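Engineer:
Number of protein chains: 4
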Amino acid sequence: MKVIADVCIVPIGVGVSVSKEVAVCERILRETGLKTQLHAYGTNIEGEWDEVFAAVKKCHETLHALGVERVSSSIRVGSRTDKPQTIEDKIRKVQERL
Amino acid sequence: MKVIADVCIVPIGVGVSVSKEVAVCERILRETGLKTQLHAYGTNIEGEWDEVFAAVKKCHETLHALGVERVSSSIRVGSRTDKPQTIEDKIRKVQERL
Amino acid sequence: MKVIADVCIVPIGVGVSVSKEVAVCERILRETGLKTQLHAYGTNIEGEWDEVFAAVKKCHETLHALGVERVSSSIRVGSRTDKPQTIEDKIRKVQERL
Amino acid sequence: MKVIADVCIVPIGVGVSVSKEVAVCERILRETGLKTQLHAYGTNIEGEWDEVFAAVKKCHETLHALGVERVSSSIRVGSRTDKPQTIEDKIRKVQERL
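If you're matching them up, the sequences are chains A, B, C and D in order. Under our numbering, residues 23 to 120 are what the first sequence spells out, in order. Under our numbering, residues 23 to 120 are what the second sequence spells out, in order. Under our numbering, residues 23 to 120 are what the third sequence spells out, in order. Under our numbering, residues 23 to 120 are what the fourth sequence spells out, in order.
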């Protein structure tokens with residue numbers, strides 16, 4: 023099952039600045055080979071359900087291995103059977119109507 | 023990796039009332055044997071990462087098999103390494119301070 | 023416009039345990055007189071749009087006033103025009119189908 | 023209080039394709055003059071708390087006025103007191119570490 027997800031991973035207990043931990047996760051997501059797109063409050067990810075959630079799990083596990091004691095993520099995930107759709111499709115469909 | 027998650031599954035394209043589809047998902051989540059707690063805007067789920075996300079995946083797949091063409095879920099998921107924590111622990115910790 | 027919302031407020035930079043800050047917010051939400059229901063990953067809130075978001079804003083402001091330098095919240099909010107609906111309605115509608 | 027938010031507005035009961043309704047909301051958000059950035063699963067918005075949530079409220083109200091009977095939004099919102107931060111700052115801080 024193909025999905026488009028949006029993931030915001032928040033490390034808790036490492037202080038106010040979390041860009042180092044977010045960058046660790048961003049690298050993990052990119053190394054999966056899944057299509058990703060970083061934005062200011064998360065990352066779009068496109069791929070098979072299992073691969074997408076394995077990638078997010080690896081982010082949690084890696085942060086914990088680096089000493090982050092608590093991680094809280096907010097995820098949106100969408101699947102559809104009527105037609106295939108990519109990250110670019112979704113953005114273009116809206117922009118064409120603006 | 024043990025997690026506490028909160029999942030809100032929204033079927034799209036089936037009309038305004040979605041309680042039938044939400045109940046299908048609620049049954050799937052309960053049949054997993056994972057600890058769950060329904061609330062007005064989602065369901066708390068406690069268990070191993072892989073089992074929790076396999077359950078949510080099964081909800082998407084089942085709704086699609088029933089003819090729902092599009093499903094969009096909003097998920098919060100938290101993991102921590104400092105101590106084990108249950109759904110009841112989280113609620114009690116806050117209530118003790120009220 | 024009446025809404026049912028679900029709010030999860032995460033204080034960042036105060037350490038791994040956040041139950042003190044979550045309890046501060048829970049008290050603020052309850053003192054508004056809005057109907058609320060705490061669960062393990064957030065709080066359901068029922069009321070007028072402006073009152074609900076004024077309450078969540080007050081949580082952010084109060085945490086900042088208490089020295090929390092960063093707050094990140096995850097919110098679901100739903101409105102509908104076909105019929106009035108309460109927190110209890112939403113839960114009962116699903117439970118009746120289980 | 024300045025915030026960076028991320029908003030995903032889902033119209034329910036209008037069918038599988040929701041790009042028309044999403045475009046209506048995107049126009050509303052842009053007409054506010056707030057800084058916005060569309061992505062594949064929502065829109066980043068930067069501005070004062072009251073203006074940001076007035077804009078999201080206007081999206082719900084406008085969709086209802088157009089006949090959409092149910093709208094469910096997923097919102098992330100962050101505020102911080104340690105330093106000012108823009109949408110571009112957040113992205114650059116992560117990209118510099120990749």
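Where a beta carbon is used, it is the ideal one built from N, C-alpha and C, also for glycine. Note that the structure is predicted; figures quoted are calculated from it, not measured.
Going straight from the alpha carbon of A27(D) to that of F75(A), what length do you get?
Structural biologist: By 1-based counting over the fourth sequence, the position of residue 27(D) is 5. By 1-based counting over the first sequence, the position of residue 75(A) is 53. Taking the straight line joining both Cα atoms gives about 24 Å.
Engineer: Considering only residues of the same chain and omitting the five flanking positions on each side of T58(B), which have a CB-CB separation below 7 Å?
Structural biologist: Within the second sequence, numbered from 1, the residue matching residue 58(B) stands at position 36. Here the set comprises L51, R52, T65, N66, I67.
Engineer: Taking a Cβ distance cut-off of 7 Å, strictly less, list which residues of the region 75 to 107 of chain A are near chain C, in chain order.
Structural biologist: E91, R92, S94, S96
Engineer: Any C-beta of chain D within less than 7 Å: which residues of the region 44 to 75 of chain A qualify?
Structural biologist: Residues of the region 44 to 75 of chain A with a Cβ closer than 7 Å to any Cβ of chain D, in chain order: V44, A45, E48, R49, Q59, L60, H61, A62, Y63, G64, N66.
Engineer: Nearest to C47(C) by alpha carbon, out of V38(C), A87(C), M23(C), E118(C)?
Structural biologist: Taking the third sequence and counting its residues from 1, one reaches residue 47(C) at position 25. Checking every option, the nearest Cα to that of C47(C) belongs to A87(C).
Engineer: By Cβ distance below 8 Å, which residues in the same chain neighbour I97(C) in space, the five residues on each side in sequence not counted?
Structural biologist: Residue numbering aside, residue 97(C) sits at position 75 when the third sequence is read from its first letter. Taken in chain order, the residues that qualify are A27, D28, V29, C30, V78.
Engineer: Answer yes or no: do V116(D) and V44(A) have a C-beta to C-beta separation smaller than 8 Å?
Structural biologist: On the fourth sequence, residue 116(D) is found 94 positions in, with the first residue counted as 1. On the first sequence, residue 44(A) is found 22 positions in, with the first residue counted as 1. Yes, the pair counts as a contact, with Cβ atoms nearer than the cut-off.
Engineer: In terms of alpha-carbon separation, which member of D72(C), K105(C), L60(C), R119(C) lies closest to S41(C)?
Structural biologist: Walking along the third sequence from the start, residue 41(C) turns up at place 19. The residue with the shortest Cα to Cα distance from S41(C) is L60(C).
Engineer: Helix, strand or coil, according to DSSP, for D111(D) in the structure here?
Structural biologist: Within the fourth sequence, residue 111(D) is the residue found at index 89, counting from 1. Looking at D111(D) - three-state DSSP - the assignment turns out to be helix.
Engineer: Taking 8 Å as the CB-CB limit, is V175(B) close to chain D?
Structural biologist: No answer is possible for residue 175(B): the residues shown for chain B start at 23 and end at 120.
Engineer: Assuming E91(D) and M23(C) form a contact by the criterion Cβ under 8 Å, report the distance between their Cβ atoms to the nearest whole angstrom.
Structural biologist: In the fourth sequence, counting from the first residue as 1, residue 91(D) sits at position 69. In the third sequence, counting from the first residue as 1, residue 23(C) sits at position 1. No, E91(D) and M23(C) are not in contact; Cβ-Cβ is about 13 Å, not under 8 Å.
Engineer: Using only alpha-carbon positions, find the residue among E118(C), A62(C), L120(C), I109(C) that is nearest to V25(C).
Structural biologist: Counting from one through the third sequence, the residue named residue 25(C) turns up at place 3. Looking at the Cα atoms, I109(C) is the closest of the given residues.
Engineer: In whole angstroms, give me the CA-to-CA distance for I34(C) and L85(A).
Structural biologist: Sequence index remark: in the third sequence, residue 34(C) carries index 12 (1-based). Sequence index remark: in the first sequence, residue 85(A) carries index 63 (1-based). Each residue's alpha carbon lies about 16 Å from the other.
Engineer: With DSSP collapsed to three states, give me the class of S101(D).
Structural biologist: Working through the fourth sequence from its first residue, we reach residue 101(D) at position 79. Note: S101(D) maps to strand in three-state DSSP.
Engineer: Please determine whether the Cβ atom of K79(B) lies at a distance below 7 Å from any heavy atom of the ligand SAM.
Structural biologist: With respect to the ligand SAM, the structure offers nothing, as it holds no ligand at all.
Engineer: Since E73(D) and T54(D) should fall inside the 8 Å C-beta cutoff, what is the C-beta to C-beta distance between them, to a whole number of angstroms?
Structural biologist: The residue given as residue 73(D) occupies position 51 in the fourth sequence. The residue given as residue 54(D) occupies position 32 in the fourth sequence. In this structure E73(D) is in contact with T54(D), their Cβ atoms being roughly 6 Å apart against a cut-off of 8 Å.
Engineer: For K80(A), which residues from the same chain have a beta carbon less than 7 Å from its beta carbon, with the 5 sequence-adjacent residues on both sides left out?
Structural biologist: Translated into positions along the first sequence, residue 80(A) becomes position 58. Contacts found: I50.
Engineer: Among V38(A), G89(A), S94(A), S39(A), which residue has its Cα nearest to the Cα of S101(B)?
Structural biologist: Numbered from its first residue, the second sequence carries residue 101(B) at position 79. Cα-wise, what sits closest to S101(B) is S94(A).
Engineer: To the nearest angstrom, how far is it from the Cα of R119(D) to the Cα of A62(A)?
Structural biologist: Translated into the one-based positions of the fourth sequence, residue 119(D) becomes position 97. Translated into the one-based positions of the first sequence, residue 62(A) becomes position 40. Between R119(D) and A62(A), the C-alpha separation is close to 15 Å.
Engineer: Strictly under 8 Å for the Cβ-Cβ distance: is V116(D) near chain A by that measure?
Structural biologist: The sequence position of residue 116(D) within the fourth sequence is 94, counting from 1. V116(D) counts as touching chain A.
Engineer: Rounded to whole angstroms, how far is the Cβ of D104(A) from the Cβ of V36(D), which I believe are closer than 8 Å?
Structural biologist: Within the first sequence, residue 104(A) is the residue found at index 82, counting from 1. Within the fourth sequence, residue 36(D) is the residue found at index 14, counting from 1. About 14 Å; that fails the 8 Å criterion.
Engineer: Between which two residues does the alpha helix (DSSP H) holding V78(A) run?
Structural biologist: As a working mapping, residue 78(A) is identified with position 56 in the first sequence. Counting along the chain, the alpha helix (DSSP H) containing V78(A) begins and ends at 71 to 87.
Engineer: Following the continuous beta strand (DSSP E) through L60(A), name the residue where it begins and the one where it ends.
Structural biologist: To locate residue 60(A), count along the first sequence from 1; it is residue 38. L60(A) -> beta strand (DSSP E) spans 57 to 61.
Engineer: May I ask you to report which of helix, strand or coil DSSP gives V40(A)?
Structural biologist: Locating residue 40(A) in the first sequence gives position 18, counting from the first residue. Of the three classes helix, strand and coil, the one that applies to V40(A) here is coil, per DSSP.
Engineer: Between K112(A) and chain G, is any beta-carbon pair separated by less than 8 Å?
Structural biologist: No chain G is present in this structure, whose protein chains are A, B, C and D.
Engineer: Just to make sure I have the definition right: I need the residues of chain A whose C-beta is within less than 8 Å of the C-beta of I26(D). Which are they?
Structural biologist: Counting from 1 along the fourth sequence, the entry for residue 26(D) is found at position 4. Those within 8 Å of I26(D) in chain A are A62, Y63.
Engineer: Taking 8 Å as the CB-CB limit, is I31(B) close to chain D?
Structural biologist: The residue labelled residue 31(B) in the question sits at position 9 within the second sequence. No, its Cβ sits nowhere closer than 8 Å to a Cβ of chain D.
Engineer: For chain C, find out if any of its Cβ atoms is closer than 8 Å to the Cβ of I1(B); answer yes or no.
Structural biologist: What the structure shows of chain B is the stretch from 23 to 120, and residue 1(B) is not part of that stretch, so it cannot be assessed.
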